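A quick write-up on the structure given underneath.
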Amino acid sequence: KTFVLGLLHQGYHSLDRKDVAILDYIHNGLKLIMSCPSVLDLFSLLQVEVLRMVCERPEPQLCARLSDLLTDFVQCIPKGKLSITFCQQLVRTIGHFQCVSTQERELREYVSQVTKVSNLLQNIWKAEPATLLPSLQEVFASISSTDASFEPSVALASLVQHIPLQMITVLIRSLTTDPNVKDASMTQALCRMIDWLSWPLAQHVDTWVIALLKGLAAVQKFTILIDVTLLKIELVFNRLWFPLVRPGALAVLSHMLLSFQHSPEAFHLIVPHVVNLVHSFKNDGLPSSTAFLVQLTELIHCMMYHYSGFPDLYEPILEAIKSCSVAQAEVQWHDHGSLQPLHLELK
């Protein structure tokens, strides 16, 4: 016990206490002494130490190794109220993760490390449901912060897939009707959730973003919706270039455009970028790209039909998509069927 405590606080010879080799040594040591009564003392010690470690904001690699250890030895995870604190601190730690490399191998390793940490949180949430809501409150506190000196990591998106979808309605209503949440904070939160569309393995991010957009419309927060749409719609469109995140990006883009009918301003921000994307979809030969091209073409047709007073602006787009045009009747159906504006007061 004293030896392990020394390793975690002082390291070993040339090894720093935060070296991943220290955790690997302890991890393997626990496997060897599982049948010894003394392992119980180590479990108690490690419950305290792992909480201290996450409070120190470990780097992704170290945090992933810690997650490996805690996944194999759940007896080392803090219990009771401390489990809530542990989860909150782990969320904060993920919010500090960064990957400065642009190399594919390093990026893949980073995503793998983040996934291990988020999976650990999921396991704790399942084992101790009381930890889930405080964890989500911590996520919202991070992404709604207006502190200009800190930008929370997009790695927080890795947690979204582990949040039960049935909680969406309750959580979104709670957020959008809370008088303590200022408009500036809500704007930051929505912008950062949209940024989460960039996370390569994120699932259900689009579901949460659209739910928040609808929730804000329901409480008539139209200024936030307009500001965020104009600020972020080009970024959302840009995500369509990346196959891994394309489905979610297209869902959010469609909702943004179909909800923003009082003005062509949002649509016209993406108009200059449409032709290049269409050509890319046509040329890459992937079945998935062909399917998305059909969906994108329908959306663009709808918007051009709705804002029909700009034929010169739309001519290059019409030329690019003429081979995959939807029937005029279908365009009209979209216009009358699914283009009902959310911002009715702004028409």
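Counted from 1, the sequence shown has number 256 at position 256 by this note's numbering; the numbering is strictly sequential.
By construction, the Cβ of each residue, glycine as well, lies at the ideal position given by its N, Cα and C atoms.
Remember, predicted model here, so these are calculated numbers, not experimental data.
Helix, strand or coil at Leu286 according to DSSP, with G and I counted as helix: If you number the sequence shown from 1, residue 286 lands on position 286. Of the three classes helix, strand and coil, the one that applies to Leu286 here is coil, per DSSP.
Leu253 vs Phe237 beta-carbon contact at 7 angstroms: Sequence index remark: in the sequence shown, residue 253 carries index 253 (1-based). Sequence index remark: in the sequence shown, residue 237 carries index 237 (1-based). Yes. Within cutoff.
Nearest to Ser62 (by Cα), restricted to the options Thr85, Lys116, Cys87, Tyr12: Sequence index remark: in the sequence shown, residue 62 carries index 62 (1-based). The sequence shown places Leu at residue 62, rather than the Ser named in the question. It is Lys116 whose Cα lies nearest to the Cα of Leu62.
Which of helix, strand or coil DSSP assigns to Tyr12: Translated into the one-based positions of the sequence shown, residue 12 becomes position 12. Here Tyr12 sits in strand by DSSP.
Segment limits, alpha helix (DSSP H) that includes Ser254: Reading the sequence shown from its first residue, position 254 is the one you call residue 254. First-last of the alpha helix (DSSP H) with Ser254: 246-259.
Neighbourhood of Gln10 by C-beta, 8 angstroms cutoff - its chain only, sequence neighbours within 5 removed: Counting from one through the sequence shown, the residue named residue 10 turns up at place 10. Here the set comprises Arg17.
Local conformation of Val100 per DSSP, three classes: For this step, residue 100 is matched to residue 100 along the sequence shown. Coil, per DSSP.
Which of helix, strand or coil DSSP assigns to Glu319: Within the sequence shown, numbered from 1, the residue matching residue 319 stands at position 319. Three-state DSSP puts Glu319 in a helix.
DSSP three-state assignment for Arg192, whether helix, strand or coil: By one-based count along the sequence shown, residue 192 stands at place 192. Of the three classes helix, strand and coil, the one that applies to Arg192 here is helix, per DSSP.
Pro134 to Arg92 span [Cα, whole Å]: Position 134 of the sequence shown, counted from the start, is the residue given in the question as residue 134. Position 92 of the sequence shown, counted from the start, is the residue given in the question as residue 92. Roughly 12 angstroms between the two C-alpha positions.
For Lys79, the first and last residue of its enclosing alpha helix (DSSP H): By 1-based counting over the sequence shown, the position of residue 79 is 79. First-last for Lys79: undefined, no H or E at that position.
Bounding residues of the alpha helix (DSSP H) (the contiguous stretch that carries Pro134): For the purposes of this step, residue 134 is identified with residue 134 of the sequence shown, where counting begins at 1. Taken as a continuous stretch (DSSP letters only), the alpha helix (DSSP H) holding Pro134 covers 132-143.
Option nearest Val275 by Cα separation, candidates Met256, Pro287, Leu296: The residue given as residue 275 occupies position 275 in the sequence shown. Of Met256, Pro287, Leu296, the residue nearest in Cα terms is Leu296.
Helix, strand or coil at Trp125 according to DSSP, with G and I counted as helix: As a first step, residue 125 is located in the sequence shown; it is residue number 125 there, counting from the start. It is helical.
Residue of Ala127, Leu51, Ala218 minimising C-alpha distance to Thr169: The residue you call residue 169 lines up with position 169 of the sequence shown. For Thr169, the nearest C-alpha among the options comes from Ala218.
Neighbour flag for Lys81 against chain C, beta carbons, 7 angstroms: Absent from the structure is chain C; it holds one protein chain and no more.
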